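Asker: Residue numbers (this note's numbering): 1219 to 1446.
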């Protein structure tokens, strides 16, 4: 299989910005949330989808990876590769993104408890390929508090979890400015039996708590805080 072609904004059209200048709009990213039984099988799936017109990647990880277990841990064995791709090392990341130009991709990683580790592996992959990490573009879900409220794949206590999210924001703003360090989610709450009002309330409370912490840490000036 040949190297995946970089996404092309062939359907972009001109629109007006806030100053009335003509700018080229960017179409929505089209990507399938997916992860297969192994890094190699997942890579083949991603490259096939990109060849068919998919314009980004949305990575699904298996439960051991989400919870911080190696695939050789006995407790992980029944779940390896069941709901996503198992990732244990930087070598796995090289296989997962083989012949995919990550500097030209928008890569979404639906990962929370181990988000900092998966982002570190992605950064390590870029550096070993000679890619400037400032050119990376994508998202780590990294909504650790939601894991307490809805899913149960948390690893660290709430206070430490918020600190991890904040530190990832600070790192990304300085080193990977086009990367979304976190994505506050609400639909998981709905699936955990929250009413619409509860879903909105808990999600907003989660977001406000994070923003308060970011401001309290004082690492961003006002302009950077708005961008975060």
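Beta carbons are placed, not taken as given, at the ideal position from N, Cα and C, and that holds for glycine.
Note that the structure is predicted; figures quoted are calculated from it, not measured.
Skipping 5 residues on each side, what residues in its chain have a beta carbon closer than 6 Å to that of residue 1247?
Answerer: Only 1273, 1274 and 1324 meet the Cβ criterion.
Asker: The alpha helix (DSSP H) that contains residue 1302, what's its start and end?
Answerer: Run containing residue 1302: none; DSSP gives neither H nor E here.
Asker: Counting C-beta neighbours from all protein chains within 10 Å, is the total for residue 1397 16 or more, i.e. buried, or is it exposed?
Answerer: buried
Asker: The alpha helix (DSSP H) spanning residue 1327 covers which residue range?
Answerer: Not the alpha helix (DSSP H): residue 1327 falls in the beta strand (DSSP E), residues 1324 to 1328.
Asker: Among all the DSSP beta bridges, which residues are the ones paired with residue 1356?
Answerer: 1325 and 1397
Asker: May I have the straight-line CA-CA distance separating residue 1255 from residue 1383, to the nearest angstrom?
Answerer: 28 Å
Asker: If distances are taken between C-alpha atoms only, which option among 1332, 1316, 1315 and 1359 comes closest to residue 1326?
Answerer: 1359
Asker: Enumerate, from N- to C-terminal direction, the unbroken beta strand (DSSP E) stretches of 3 or more residues contained entirely within the region 1259 to 1299.
Answerer: 1275 to 1278
Asker: On the three-pair Cβ rule with 8 Å, is the region 1354 to 1368 touching the region 1325 to 1342?
Answerer: Contact between the region 1354 to 1368 and the region 1325 to 1342 is present, because at least three Cβ pairs lie under 8 Å.
Asker: Taking buried to mean at least 16 other C-beta atoms within 10 Å of its own C-beta, is residue 1413 buried or exposed?
Answerer: exposed
Asker: Report all residues from its chain with a CB closer than 8 Å to the CB of residue 1371; omit the five preceding and five following residues, and keep chain order.
Answerer: 1281, 1284, 1285, 1330, 1331 and 1365
Asker: With DSSP collapsed to three states, give me the class of residue 1241.
Answerer: strand
Asker: What would DSSP say about residue 1255, mapped onto helix, strand or coil?
Answerer: Residue 1255: coil per DSSP, three-state reduction.
Asker: Put residue 1437 into one of helix, strand or coil per three-state DSSP.
Answerer: Three-state DSSP puts residue 1437 in coil, outside helix and strand.
Asker: Could you tell me if residue 1310 is buried or exposed, where buried requires 16 or more neighbouring beta carbons within 10 angstroms of its beta carbon?
Answerer: Classification of residue 1310: buried, given that the 10 Å Cβ count is 16 or more.
Asker: Rounded to the nearest angstrom, how far is the Cβ of residue 1367 from that of residue 1420, given a contact under 8 Å?
Answerer: 6 Å
Asker: Whose CA, out of 1377, 1287, 1259 and 1253, lies closest to the CA of residue 1430?
Answerer: 1377
Asker: Can you tell me which of the three DSSP states residue 1389 falls into?
Answerer: helix
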